[in-house]
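Q: In the working numbering, the protein residues as written are 116 to 507.
Cβ coordinates follow ideal geometry from the N, Cα and C atoms, glycine included.
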């Protein structure tokens with residue numbers, strides 16, 4: 116346990132990654148000050164898929180059992196052809212998966228996961244949580260950092276962790292690679308109540324309907340009380356943010372000609388939230404002096420492997436462990452954390468792009484995809500994702 120040092124680790128950003136890092140550090144005895152620019156600690160969005168790999172961080176944070184209270188446990192991951200309705204492949208998520216990877220596969224509402232981590236942070240006496248706290252700049256003094264706030268204050272700390280997301284300002288002083296890479300894909304999301312889903316369309320699985328340059332994914336949330344829908348299509352539209360209103364007419368235009376199951380599900384939604392899918396090129400160096408990055412600030416990725424939050428929480432516990440191992444050498448600990456994480460997160464970033472092209476294939480490419488996937492056994496499907504679910 117730490118530490119004679121009383122200056123806090125300053126974390127810019129109070130999302131899942133930032134709060135996860137705060138909790139992991141506090142549990143090891145380090146003081147933490149979280150700066151959240153919004154008026155409250157609150158997560159937007161809808162469903163998050165929790166691969167078995169993220170349950171290792173949950174265990175280390177002491178949150179596994181609490182999280183399982185609010186999840187839905189799907190019975191399988193299923194992919195269907197959106198033009199024919201044919202089953203392309205299905206990976207069972209039962210005992211075989213648990214035996215192979217040591218834990219379960221679950222889905223949870225993003226707000227529920229964020230609230231659980233926030234609740235745990237509030238129970239830690241060595242975490243200061245501050246809202247309406249917008250960082251304008253920071254200065255690494257060599258023996259610590261001074262963070263400048265937009266309201267004119269300065270806050271001194273031992274080091275700084277940038278958990279400020281895809282459009283991270285902290286990243287620009289560390290990496291300096293400008294705006295995120297626009298993928299050309301747009302996602303629309305919505306959530307239905309269980310009784311709003313037609314009985315013949317409700318399934319306990321995570322189901323993905325793969326179409327030409329589109330896909331629709333749906334699954335239950337919050338102990339099966341809700342139903343999460345995410346529809347993705349190709350577009351050159353670009354805007355920053357995660358919570359803008361989507362145009363239903365544009366969505367329906369892109370999904371024309373798909374099977375009734377897809378169209379009926381889309382018709383159930385009157386109001387969609389939209390975001391433009393972006394990522395960045397993987398980098399090896401996201402630490403500099405007494406400042407490092409975490410989660411989307413370090414390695415933003417497309418959502419096609421459903422690993423953004425999972426990678427951020429893997430980051431959080433790894434970072435805390437490296438700092439605990441070198442409590443008197445934060446700069447060295449930051450480099451150890453970065454070196455332990457960058458190849459794994461880079462692989463997820465790059466493979467997420469591949470999966471996006473895979474899901475949205477059309478013509479002969481789609482036929483080749485389907486032929487390949489239909490030839491796999493359930494055991495082969497599980498083993499094919501072992502590089503991801505077996506890590507962390």
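Residue 396 bridges to which residues according to DSSP?
A: Residue numbering aside, residue 396 sits at position 281 when the chain shown is read from its first letter. Its beta-bridge partners do not exist; DSSP assigns none.
Q: Where does residue 239 sit, in a helix, a strand or coil, going by DSSP?
A: Start at 1 with the first residue of the chain shown, and residue 239 comes out as number 124. It is coil, neither helix nor strand.
Q: For residue 405, which of 483, 376, 261 and 250 has the nearest alpha-carbon?
A: In the chain shown, residue 405 corresponds to position 290, counting from 1. Among 483, 376, 261 and 250, the Cα nearest to that of residue 405 belongs to 261.
Q: Three Cβ pairs or more, each shorter than 8 angstroms: is that satisfied between the stretch 148-160 and the stretch 187-205?
A: No: the two stretches stay apart, fewer than three of their Cβ pairs being nearer than 8 angstroms.
Q: Nearest by alpha-carbon distance to residue 490: which of 202, 143, 375 and 120 is it?
A: Here residue 490 refers to the residue found at position 375 when the chain shown is read from its first residue. Selected option, being the one with the closest Cα: 202.
Q: Compute the beta-carbon to beta-carbon distance between residue 470 and residue 428, rounded to the nearest angstrom, for a pair I have assumed lies under 8 angstroms.
A: Working through the chain shown from its first residue, we reach residue 470 at position 355. Working through the chain shown from its first residue, we reach residue 428 at position 313. Contact flag wrong, Cβ pair sits at about 20 angstroms.
Q: Give, in chain order, every unbroken run of the beta strand (DSSP E) that is at least 3 residues long and sits entirely within the stretch 393-458.
A: Counting only runs of 3 or more, we get 406-408.
Q: At what residue ranges does the stretch 318-355 contain a whole run of the beta strand (DSSP E), taking only runs of 3 or more?
A: DSSP runs (the beta strand (DSSP E)) wholly in the stretch 318-355: 321-326, 329-336 and 341-349.
Q: So, at 7 angstroms on beta carbons, what are the nonlocal neighbours of residue 121 in its own chain, with the 5 sequence-adjacent residues on each side left out?
A: On the chain shown, position 6 is the one that residue 121 refers to. Answer for residue 121: 146, listed in chain order.
Q: Mapping the DSSP letters down to three states, classify residue 502 as helix, strand or coil.
A: The count along the chain shown starts at 1 and reaches residue 502 at position 387. Helix at residue 502.
Q: Could you say which of 366, 453, 206 and 373 lies nearest to residue 401 if we only look at CA atoms?
A: On the chain shown, residue 401 is found 286 positions in, with the first residue counted as 1. The shortest Cα separation from residue 401 among 366, 453, 206 and 373 belongs to 453.
Q: Along the beta strand (DSSP E) that carries residue 152, what are the first and last residues, could you check?
A: Residue 152 sits at position 37 when you count from the first residue of the chain shown. Premise fails: residue 152 is in no beta strand (DSSP E) and is neither H nor E.
Q: Can you give the Cα-Cα distance for residue 321 and residue 343, rounded to whole angstroms?
A: Within the chain shown, residue 321 is the residue found at index 206, counting from 1. Within the chain shown, residue 343 is the residue found at index 228, counting from 1. For residue 321 and residue 343, the distance between alpha carbons rounds to 10 angstroms.
Q: Give the DSSP-derived three-state secondary structure of residue 124 in the structure shown.
A: One-based indexing of the chain shown puts residue 124 at position 9. Strand at residue 124.
Q: To which residues of the same chain is residue 333 closer than 7 angstroms at the C-beta, ignoring the five residues directly before and after it?
A: What you label residue 333 is simply residue 218 of the chain shown in a count that begins at 1. The residues are 322, 342, 343, 344 and 380.
Q: When DSSP builds the beta bridges, which residues end up paired with residue 305?
A: Counting from 1 along the chain shown, the entry for residue 305 is found at position 190. Per DSSP, 344.
Q: Expressed to the nearest angstrom, what Euclidean distance is found between the alpha-carbon atoms of residue 330 and residue 384?
A: As a first step, residue 330 must be located in the chain shown, where it is residue number 215. As a first step, residue 384 must be located in the chain shown, where it is residue number 269. Taking the straight line joining both Cα atoms gives about 16 angstroms.
Q: One question on the structure: do residue 422 and residue 391 come within less than 7 angstroms of each other, judged by their Cβ atoms?
A: Residue numbering aside, residue 422 sits at position 307 when the chain shown is read from its first letter. Residue numbering aside, residue 391 sits at position 276 when the chain shown is read from its first letter. In this structure, residue 391 does not lie closer than 7 angstroms to residue 422 by Cβ.
Q: Per DSSP, what are the beta-bridge partners of residue 271 in this structure?
A: Counting from 1 along the chain shown, the entry for residue 271 is found at position 156. In the DSSP output, where bridge partners are listed per residue, residue 271 has 261.
Q: From the DSSP output, read off the bridge partner residues of residue 196.
A: Within the chain shown, the letter at position 81 stands for residue 196. Residue 196 is bridged to 325.
Q: For residue 449 and residue 407, what's the separation of their Cα atoms in angstroms?
A: Counting from 1 along the chain shown, the entry for residue 449 is found at position 334. Counting from 1 along the chain shown, the entry for residue 407 is found at position 292. Looking at the two C-alpha atoms, the distance is approximately 6 angstroms.
Q: Three Cβ pairs or more, each shorter than 8 angstroms: is that satisfied between the stretch 169-186 and the stretch 249-269?
A: Contact between the stretch 169-186 and the stretch 249-269 is absent, because fewer than three Cβ pairs lie under 8 angstroms.
Q: Could you check the C-alpha separation between residue 372 and residue 199 for me, to the nearest Å?
A: The residue given as residue 372 occupies position 257 in the chain shown. The residue given as residue 199 occupies position 84 in the chain shown. About 10 angstroms.
Q: Just mark residue 148 as buried or exposed, buried being the case when its beta carbon has 16 or more other beta carbons within 10 Å.
A: To locate residue 148, count along the chain shown from 1; it is residue 33. So residue 148 ends up on the buried side.
Q: Give me the Cα-Cα distance between residue 142 and residue 213, rounded to the nearest whole angstrom.
A: As a working mapping, residue 142 is identified with position 27 in the chain shown. As a working mapping, residue 213 is identified with position 98 in the chain shown. So the alpha carbons of these two residues sit roughly 28 angstroms apart.
Q: Over the uninterrupted beta strand (DSSP E) stretch that includes residue 207, give me the two end residues.
A: Here residue 207 is taken as the residue at index 92 of the chain shown, counted from 1. Note, residue 207: beta strand (DSSP E), 202-207.
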